[in-house]
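So the sequences go chain by chain: A and B. Residues in the first sequence are numbered consecutively from 5, following this note's numbering. Residues in the second sequence are numbered consecutively from 5, following this note's numbering. Just so it is clear, CB atoms sit at the ideal spot from N, CA and C, and this is done for glycine as well. First comes the structure, then the notes that go with it.
Number of protein chains: 2
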Amino acid sequence: MNTHDVAAGRISVHEALVSLRDDWRGLSPEARLTRFRTLGHGEAESLFLSLGSHEQADLLSDLPADERRLWIRDLDPEDAVDVVQNVPDFLRAEMMELLDPITRSEVKGLLAYAEDDAGGLMSPRFSAVRADMTIEGALAYLRRRAAQQYETTYYVYVLDDQHPIGVVSIRNMLSLPSGAMIRDAMHSPIITVPDTMDQEEVSRVFADHDLLAIPVVDIEGRMKGIVTVDDIVHVVREEATEDAQKFGGMEALDLPYLDNNLQDMVRKRAGWLSVLFVSEMLTATAMGVFQDEIQRVVLLALFIPLIISSGGNSGSQASTLVIRAMALGEVRLIDWWRVAKRELVAGLMLGLILGVLGFIRIAAWQAMFSTYGEQWLRVALTVSCSLVGVVLFGSFAGSMLPFALKRAGLDPASASGPFVATLVDVTGIVIYFTFANFWLGALMH
Amino acid sequence: MNTHDVAAGRISVHEALVSLRDDWRGLSPEARLTRFRTLGHGEAESLFLSLGSHEQADLLSDLPADERRLWIRDLDPEDAVDVVQNVPDFLRAEMMELLDPITRSEVKGLLAYAEDDAGGLMSPRFSAVRADMTIEGALAYLRRRAAQQYETTYYVYVLDDQHPIGVVSIRNMLSLPSGAMIRDAMHSPIITVPDTMDQEEVSRVFADHDLLAIPVVDIEGRMKGIVTVDDIVHVVREEATEDAQKFGGMEALDLPYLDNNLQDMVRKRAGWLSVLFVSEMLTATAMGVFQDEIQRVVLLALFIPLIISSGGNSGSQASTLVIRAMALGEVRLIDWWRVAKRELVAGLMLGLILGVLGFIRIAAWQAMFSTYGEQWLRVALTVSCSLVGVVLFGSFAGSMLPFALKRAGLDPASASGPFVATLVDVTGIVIYFTFANFWLGALMH
């Protein structure tokens with residue numbers, strides 16, 4: 005990035021940051037450190053603040069102590085706490101010492117909360133007034149506080165013995181006569197979240213109410229801080245990534261793809277891959293049961309990948325739909341029967357479409373190349389009927405699995421495409437040979 | 005929802021809304037209308053404002069004209085424009101007429117933008133001052149404006165001939181002596197986005213800078229409005245859902261799952277499912293090539309589902325990782341070779357793990373049940389070697405496909421699990437029979 009270019013408006017501030025960061029991320033850890041220390045303060049600051057807390061912690065761990073102090077003090081308490089949690093254990097106490105006393109006690113308070121809870125997301129810095137203040141008095145009070153403290157002021161909360169009873173926006177305060185009372189200007193009752201609420205649920209509260217900040221209260225209803233919507237953008241992105249990785253059939257990674265240690269990544273992928281592999285061994289067992297049938301009508305083997313993959317694909321569609329609808333709060337546990345009915349109908353229709361396509365394919369190849377011999381019609385009927393059955397079962401199982409997982413207290417996103425496919429593969433083989441026995445039984449026994 | 009319970013603090017405001025909305029969404033369209041009209045104004049308003057623009061448009065279309073006016077006037081211009089775009093064509097002009105004149109002209113301006121662009125997301129209502137004002141003068145000016153207009157005021161933009169040259173927050177203004185100049189208080193240069201920027205890109209700008217609002221400028225750099233971060237929460241959720249649906253192997257749905265017309269949903273799923281099915285027919289062709297081999301060593305058929313599904317699963321993992329990393333801006337096109345190297349190594353390691361597991365399975369069954377006869381070792385070697393090859397190929401192909409799609413100007417999220425699996429299935433069959441020929445060739449010819 006060239007600051008001269010930015011000043012001249014040739015690159016936007018954002019593009020300049022992105023290109024600086026991309027180049028920096030392309031470097032080795034040692035080169036990253038050197039490069040960071042050669043940047044001007046403004047550039048170094050925007051780069052530092054745009055990094056995730058893992059990257060910030062890595063960078064700070066590598067810096068000399070005096071530079072560390074400068075950078076950790078640049079963070080808001082809710083970001084500083086994430087960095088403190090991400091540095092190696094032996095550095096943690098030292099990092100705490102580098103904070104200024106106010107922030108240090110705020111960070112200490114935040115360390116008590118789980119990182120993924122509302123309490124772990126919140127900022128302890130908010131503006132509060134009393135209901136019996138006048139607008140004028142409240143503005144003067146906020147002005148004195150603003151000069152001393154770092155507080156967000158677009159919402160001002162009205163507290164009664166630490167309990168939030170209302171909220172006024174700065175726009176409200178500016179638009180009313182200065183003698184009016186806060187009590188008359190405030191919006192009440194207000195939306196709050198408990199400090200133990202999971203961050204994904206908090207993001208849903210934000211999505212439903214279009215607020216810029218929401219107060220966090222403890223079990224007794226006392227206000228402990230605010231969660232601001234800019235942090236929610238990160239939460240939603242993070243949760244979507246975790247869900248996608250689970251759906252892709254693996255444990256969620258904590259770090260950006262290229263920053264993961266190769267060994268860790270292989271470990272996180274190998275776990276699920278091995279579980280799926282061992283489950284999929286059931287297909288070999290199922291096929292073994294039908295070994296004699298295959299021996300007699302070897303044609304049957306040709307369509308197995310086609311049949312089972314169609315079941316897996318329709319299952320993958322159905323589980324994706326249900327998982328996302330659950331993540332967005334559109335579908336709840338009690339909706340399972342409504343979903344089941346839809347998927348049974350949709351699965352039947354989709355199965356009929358593929359069944360017809362499969363029939364046409366076999367009939368066409370037979371007409372052109374006589375590929376399937378005189379039994380072609382029976383083979384075609386076996387394939388078509390199996391497709392209907394497998395797609396119907398795939399859609400149904402794929403849509404119900406997230407419900408079953410959620411009911412069992414597990415993450416519905418674990419109903420991954422590969423998981424559903426494995427489940428459907430074994431069933432698909434059984435369905436296929438059942439129809440084969442029906443249409444081709446005479447040949448096989 | 006019982007307003008008495010809310011007032012008494014027994015249910016939080018948010019929970020009350022969610023339960024009201026869940027019940028309401030469970031009703032038929034006619035019953036929804038009736039129920040909505042029996043709600044108290046406060047409840048009806050929070051329900052209405054929490055709905056998506058499709059649902060708002062449907063509800064407004066069903067209401068009598070005088071009630072319609074009340075509700076559409078409750079929306080900010082950037083939300084009203086979405087409703088106007090979602091009502092049936094014949095109602096559009098009528099809806100515009102219901103707006104107050106100021107909002108109507110704002111909505112007209114917004115209609116020129118694509119719904120998914122920064123221009124389509126922005127609010128035309130922002131606060132602006134000149135650099136040569138004093139803080140005191142600016143506050144007095146904002147106070148007069150606040151009483152008349154609906155403007156967001158947490159950021160106040162400094163304009164020079166319509167071009168944004170800086171920004172001051174209300175906290176800044178309150179914390180400075182009132183005689184100070186805006187010029188000295190403002191933060192500059194500022195981050196802006198062009199009105200044509202795609203909303204997904206806009207969400208990345210927000211994630212990088214932790215801002216509450218970003219000015220939108222036209223091609224000449226004139227400020228047209230602001231995008232606020234609460235709308236970005238919706239964008240991120242929407243984009244994650246679209247990507248997940250594409251990854252699940254279907255077209256993205258526009259509506260919540262249960263609100264989709266069954267026929268539309270089947271159509272959107274049938275398209276991709278049929279394309280995948282037709283591609284997967286290549287597996288039948290590939291198997292046909294090896295029909296004689298299967299006839300001679302029917303044992304070989306048993307392991308085909310296991311082999312090809314392992315390739316598909318590893319491909320699904322790799323493509324999920326790359327798609328999400330691209331969506332978050334962690335991986336760019338030029339990183340393809342770094343990713344390829346990682347995936348070749350990871351794929352080899354994962355393949356070896358599954359290869360060993362496969363070998364153990366066959367050896368164990370042979371030891372216990374003599375399932376595979378005297379050729380068991382050659383069968384085991386065929387399966388193990390194929391697993392290494394298939395998982396290696398799956399990881400590589402799964403990771404490269406999103407790059408190829410992006411390079412071709414398509415959405416990398418279309419590299420769905422089912423798509424990758426189909427690609428890998430055919431290759432998997434070829435790899436498998438190649439190793440079979442090597443280890444069992446003597447038996448098969």
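Listed by position along chain A, the residues whose Cβ is nearer than 7 Å to that of residue 317(B) are 253, 277, 280, 422. Under DSSP, residue 251(A) forms no beta bridge with any residue.
Excluding its 5 nearest sequence neighbours in each direction, residue 395(A) has C-beta neighbours in its own chain below 7 Å: 314, 315, 318, 351, 354, 355, 358, listed in chain order. Leaving aside the five residues that flank residue 177(A) on each side, the residues in its chain whose CB is nearer than 8 Å to its CB run, in chain order, 139, 142, 143, 160, 189. Three or more Cβ pairs drawn from the stretch 260 to 267 of chain B and the stretch 333 to 340 of chain A lie within less than 8 Å of each other, which places the two stretches in contact.
Below the 7 Å Cβ cutoff, chain B contributes 211, 240, 332 as neighbours of residue 241(A), in chain order. Taking the Cα of residue 207(B) as reference, the smallest distance to any Cα among 234(B), 167(B), 64(B) is reached at 234(B). Nearest neighbour of residue 427(A) by Cα position, chosen from 414(A), 320(A), 437(A), 92(A), turns out to be 320(A).
By the Cβ criterion, the stretch 25 to 40 of chain B is in contact with the stretch 50 to 69 of chain B, since at least three pairs of Cβ atoms, one from each stretch, lie closer than 8 Å. If the five residues before and after residue 409(A) are omitted, its C-beta is found closer than 8 Å to the C-beta atoms of 415, 416, 418, 419, all from its own chain and listed in chain order. Within the model, the alpha-carbon separation for residue 103(B) versus residue 111(B) is close to 9 Å.
Every unbroken stretch of the alpha helix (DSSP H) spanning 4 or more residues and falling wholly within the stretch 297 to 381 of chain A is given here in chain order: 303 to 306, 308 to 331, 340 to 373.
Going by C-alpha positions, residue 340(A) is about 23 Å away from residue 244(A). A contact between stretches requires three or more CB pairs, one per stretch, nearer than 8 Å, and the stretch 297 to 309 of chain B meets this requirement with the stretch 298 to 305 of chain A. In the structure shown, residue 117(B) falls within a coil segment according to DSSP collapsed to helix, strand and coil. Spanning the alpha carbons of residue 212(B) and residue 331(A) requires a straight line of approximately 24 Å. Inter-residue distance for residue 113(A) and residue 32(B) is about 49 Å (C-alpha atoms, whole angstroms).
The C-beta separation of residue 436(A) from residue 388(A) comes to about 11 Å, leaving the pair out of contact by the 8 Å criterion. Only those residues of the stretch 332 to 353 of chain B whose C-beta falls short of 8 Å from the nearest C-beta of chain A are listed: 332, 333, 334, 335, 336, 339, 342, 343, 346, 349, 350, 353.
Under the Cβ distance rule, residue 367(A) does not count among the residues neighbouring chain B, no pair being separated by less than 9 Å. Taking the C-beta atoms as reference points, residue 119(B) is found nearer than 9 Å to residue 86(B).
In this structure, residue 225(A) lies away from residue 126(A), with their beta-carbon atoms at least 9 Å apart. For residue 91(A), the secondary structure class from DSSP, reduced to helix, strand or coil, is coil. Closer than 9 Å to the CB of residue 220(B) there is not a single CB belonging to chain A. Proximity to residue 272(B) across 323(B), 249(B), 37(B) peaks at 249(B), based on C-alpha coordinates. According to DSSP, residue pairing for residue 202(B) in a beta bridge involves 121(B). For residue 232(B), the enclosing beta strand (DSSP E) has its first and last residue at 227 to 232. At least one C-beta of chain A is nearer than 9 Å to the C-beta of residue 248(B). Of all residues in the stretch 49 to 74 of chain A, only 54 come within less than 7 Å of chain B when Cβ atoms are compared, listed by chain position. Listed by position along chain B, the residues whose Cβ is nearer than 9 Å to that of residue 295(A) are 302, 303, 305, 306.
Straight across, the Cα-Cα distance linking residue 76(B) with residue 182(B) is about 40 Å.
Residue 242(B) and residue 328(A) have their C-alpha atoms roughly 10 Å apart. Residue contact check for residue 26(A) against chain B: a CB pair falls below 9 Å.
Take the alpha-carbon of residue 232(A) and the one of residue 252(B): they are about 32 Å apart. For residue 42(B), the three-state secondary structure derived from DSSP is helix.
Counting along the chain, residue 174(A) sits inside the alpha helix (DSSP H) bounded by residues 174 to 179.
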